[in-house]
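Student: If you count the sequence shown from 1, you need to add 1272 to reach this note's numbering. Just so it is clear, CB atoms sit at the ideal spot from N, CA and C, and this is done for glycine as well. Sharing a structure below in structure tokens format, with a few things to ask.
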Amino acid sequence: MKTAVLKAGGEIRLHEPVERIEIENGRATGVRTPSGLIRADAVVLAAGAWSSQIKGVPYEAVPPVYPVKGEVLVLAPPPGAGMPKLLIWGCGIYLVPRHEGLLVGATVEHAGYDLSSTKAAKDWLLRQARALMPALETWRVSDHRVGLRPASPDGMPILGASAVDGLFIRERPVSQRHLVCSSCGRRSVPSRSGTGFGRAFFRSQAVFGGRCGCKAGLGYCAWNALRLRSV
Ligand SMILES: Cc1cc2nc3c(=O)[nH]c(=O)nc-3n(C[C@H](O)[C@H](O)[C@H](O)COP(=O)(O)OP(=O)(O)OC[C@H]3O[C@@H](n4cnc5c(N)ncnc54)[C@H](O)[C@@H]3O)c2cc1C
């Protein structure tokens, strides 16, 4: 999205929270931030797990997303130990080599907007990681992070038009078992060795639009929020 905005001549304003989306005569006309009203022909709501919390959106257009808490650990190797070269998947977790260390992810908890880290999650992640790769017994926990994933009722992306003219939704839920292309919604379960679609996913370390080869975009109606009215 950042790339698309910059390419279209847009400006990114960091640390400027949207206080509300302005709707006039049934149409989205802009967003209000602490520095004032920013008028727009179209508004894209892409606030992840917080998208349903943004004020001003009429009930029928609020995306039905909710937070799923995830805790991850970063492990630092002892001197002389080598980092795995590939993603390792098993025992309900994954190990991802990153420049800052070996990422162990992730818990899946329904805990609202709670962002606190827990000893129980840390212990579980360490236990599973060591079951999967016993050499990790001597690795040190260098970081313990908590985040909120957006989830949707059917686990699939919400992309495109909403019940309000000019208001578009861009939500890309991530589940540990199903990697979902944010454009076409195609799912893939990566193999342990990380082949094909799964490997592309973990190389990019981002949910990607179009990398699975699809030609879908934000306007692709199969994934818009209107399908969830009956869910
Ligand atoms: C433990 C864990 C592991 C994950 N692993 C992966 C992975 O391996 N691969 C992957 O692709 N994804 C992964 N994700 C998910 C990924 O980090 C994103 O959360 C997810 O892809 C959704 O992206 P998003 O841009 O929709 O939402 P987010 O990344 O959550 O971004 C939403 C942004 O909106 C901002 N925002 C909220 N409210 C407002 C407001 N009022 N005004 C302005 N800005 C606002 C938030 O601060 C946030 O920066 C993981 C998430 C977690 C928690």
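Rounded to whole angstroms, what is the Cα-Cα separation between L1398 and V1346?
Tutor: Their Cα atoms are separated by approximately 10 Å.
Student: CB of P1289 to nearest heavy atom of ligand 1: below 6 Å?
Tutor: True, at least one ligand heavy atom lies under 6 Å from that Cβ.
Student: Apart from the five residues just before and just after G1298, which ones in its own chain have a Cβ nearer than 7 Å to its Cβ?
Tutor: Only V1436, D1437 meet the Cβ criterion.
Student: Using the C-alpha atoms, what's the distance from P1350 back to A1497?
Tutor: Their Cα atoms are separated by approximately 48 Å.
Student: Could you compute how far the alpha carbon of M1405 sits from the alpha carbon of D1426?
Tutor: Each residue's alpha carbon lies about 33 Å from the other.
Student: Since E1291 contacts P1306 with CB under 8 Å, what's their CB separation in whole angstroms?
Tutor: Their Cβ separation, rounded to whole angstroms, is 7 Å, which keeps E1291 and P1306 in contact under 8 Å.
Student: So, under 8 Å CB-CB, P1445 and R1412 are touching, yes? Tell me the CB distance rounded to an integer number of Å.
Tutor: Rounded, the Cβ-Cβ distance is 32 Å, inconsistent with contact.
Student: Could you pull the start and end residues of the beta strand (DSSP E) that L1367 belongs to?
Tutor: Counting along the chain, the beta strand (DSSP E) containing L1367 begins and ends at 1365–1370.
Student: Around the C-beta of P1330, are 16 or more other C-beta atoms found within 10 angstroms, so that it is buried, or is it exposed?
Tutor: Exposed, because fewer than 16 other Cβ atoms sit within 10 Å of the Cβ of P1330.
Student: Measure the alpha-carbon distance for A1314 versus G1328 and round it to whole angstroms.
Tutor: The straight-line gap from Cα to Cα measures roughly 15 Å.
Student: Enumerate in chain order the residues of its own chain whose CB-to-CB distance from P1335 is below 7 Å, with the five nearest sequence positions on each side excluded.
Tutor: Taken in chain order, the residues that qualify are L1317, S1323, S1324, I1430, I1441, E1443, A1497.
Student: If I measure Cβ to Cβ from T1410 and keep anything under 7 Å in the same chain, skipping five residues before and after, which residues do I get?
Tutor: P1350.
Student: Quick check for students: name the residue ranges of the beta strand (DSSP E) that lie wholly in the region 1295–1343, counting only runs of 3 or more.
Tutor: Within the region 1295–1343, the complete beta strand (DSSP E) runs of at least 3 residues are 1299–1305, 1308–1311, 1315–1317.
Student: Considering only the alpha carbon of each residue, which of G1384, K1394, L1286 lies closest to G1377?
Tutor: Measuring from the Cα of G1377, the nearest candidate turns out to be K1394.
Student: Suppose contacts are defined by Cβ-Cβ distances below 7 Å. Is S1414 in contact with A1353 by that definition?
Tutor: Contact: no.
Student: How close, in whole Å, do the beta carbons of L1515 and S1434 come, if the pair is a contact with beta carbons under 8 Å?
Tutor: Absent from the structure is residue 1515, since the part of the chain shown begins at 1273 and ends at 1503.
Student: Would you call A1280 buried or exposed, if buried means 16 or more other Cβ atoms sit within 10 Å of its Cβ?
Tutor: It is exposed - the Cβ of A1280 has fewer than 16 other Cβ atoms within 10 Å.
Student: With distances taken between CB atoms, is the gap from A1383 to K1357 smaller than 7 Å?
Tutor: No, the pair does not count as a contact, with Cβ atoms beyond the cut-off.
Student: What's the gap between the Cα of M1428 and the Cα of W1396?
Tutor: Cα-Cα distance, rounded: 28 Å.
Student: I'd like to confirm something about V1344: is its beta-carbon nearer than 6 Å to some heavy atom of ligand 1, or not?
Tutor: Result yes, Cβ under 6 Å from ligand 1.
Student: Three-state secondary structure (DSSP) at D1415?
Tutor: Looking at D1415 - three-state DSSP - the assignment turns out to be strand.
Student: Can you list the alpha helix (DSSP H) stretches of 4 or more residues lying completely in the region 1382–1416, in chain order?
Tutor: As far as the region 1382–1416 is concerned, its whole alpha helix (DSSP H) runs of at least 4 residues are 1391–1404.
Student: Less than 7 Å separating the beta-carbons of E1343 and S1389?
Tutor: Cβ atoms of E1343 and S1389: closer than 7 Å.
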